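**Student:**
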Amino acid sequence: MKDKRILYVSSEVVPYLPETEISSMSFEAPRMVNQQGGQIRIFMPRYGNINERRHQLHEVIRLSGINLVINDLDMPLIIKVASIPKERIQVYFIDNEEYFKRKATLTDENGELFSDNDERAIFFAKGVIETVKKLNWAPDVIHVHGWLAALLPLYLKEYYKDEPLFNESKIITSVYNQSFSNTLNKDMFNKIKFDNIDEGAIKSLEEPSYTNLMKIAVDYSDALIVGSEEIPENLDTYIKESEKPVLEHKSKEEFGEAYTDFINTEVLS
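Printed below as a string of structure tokens:
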């Protein structure tokens, strides 16, 4: 993986949030690539329950300050950065007072999804892409983890399709069993359509369930990784029928070698 540029975009990463399959893999995969001499960047949301002082987050003024239009509203983008101790890995945090100030991640104290998670997902996807553009850093691979990040492949290949920086970038999405019940805001379809994204491409998001959101990510990815031992059966079938390169679920011990081989022989070949 020497000198490969890999952009990791995740809804959660340890040590900033508790350990889950997603947050753990969003740390382990980049750490491994970093140790092999690859160049990496990690992006995640700056949720209000992340302790900025303990993790030494600080705002990057030169990257902050642009507004992203979400459903016809201007939303300021703030970029913060921190380093994972002992690893020499930088993590970029996408922040906005309206979307990420609250002291929780994706659900309220009653376990109910936040009603604006759809807009937070759109903001996160656009915010990552705009920041990478400002960094002028062209990734060979973009690896997406978690459903809040699942709109990134769609936005990259539709909304930003004329952006030359990403012409050669390949997108991998890891699909996990970490899902949500019910649906996101039913107006999500119209908010994405507002960005002049073809409604035929997002028709399934008229019912913005976990499965339909991940199907959109599968549609716009170049390769896929099964991140959990078991994933919803209809998603498993959809992945198999996509006829895209797939790395089946691997144990932690097997993952490193299989991941390296998958990127080199299936994704970048």
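If you read the sequence shown in full-length UniProt numbering, its first letter stands for residue 1, the second for the next number, and so on.
Just so it is clear, CB atoms sit at the ideal spot from N, CA and C, and this is done for glycine as well.
For clarity, every value in this text was computed on a predicted model and none was experimentally measured.
1) Tell me whether W137 is buried or exposed, calling it buried when 16 or more other Cβ atoms sit within 10 Å of its Cβ.
2) When the Cα atoms are used, what is the spatial distance from A125 to E253?
3) Run through the DSSP bridge pairs and tell me what K107 is partnered with.
4) Excluding five sequence neighbours on each side, which residues of the same chain lie with their C-beta closer than 7 Å to the C-beta of D108?
5) Specify, as a first and last residue, the run of the beta strand (DSSP E) that H143 falls within.
6) What first and last residue would you give for the beta strand (DSSP E) that runs through Y8?
7) Are the segment 68 to 80 and the segment 191 to 206 in contact at 8 Å, needing three or more beta carbon pairs?
8) Thinking just about the alpha-carbon of each residue, which of E230, L63, M188 is nearest to the one in N177?
9) Please look up how many angstroms separate the CB atoms of D140 and L268, rounded, as I've assumed it's under 8 Å.
10) Could you pull out every residue in the same chain whose Cβ sits closer than 8 Å to the Cβ of V246, ignoring the five residues on either side in sequence?
11) Tell me E59's beta-bridge partners as DSSP assigns them.
12) If we count the other Cβ atoms within 10 Å of its Cβ and call it buried at 16 or more, is A104 buried or exposed?
13) I'd like to know if the segment 171 to 191 and the segment 141 to 158 are in contact, where contact means that at least 3 CB-CB pairs between them fall below 8 Å.
**Tutor:** For this structure:
1) exposed
2) 31 Å
3) Looking at the sequence provided, one finds Thr at residue 107 rather than Lys. Bridge partners of T107: L113.
4) F114
5) 141 to 145
6) 5 to 10
7) yes
8) E230
9) 6 Å
10) A223, L224, I225, V226, I239, K240
11) K80
12) exposed
13) yes
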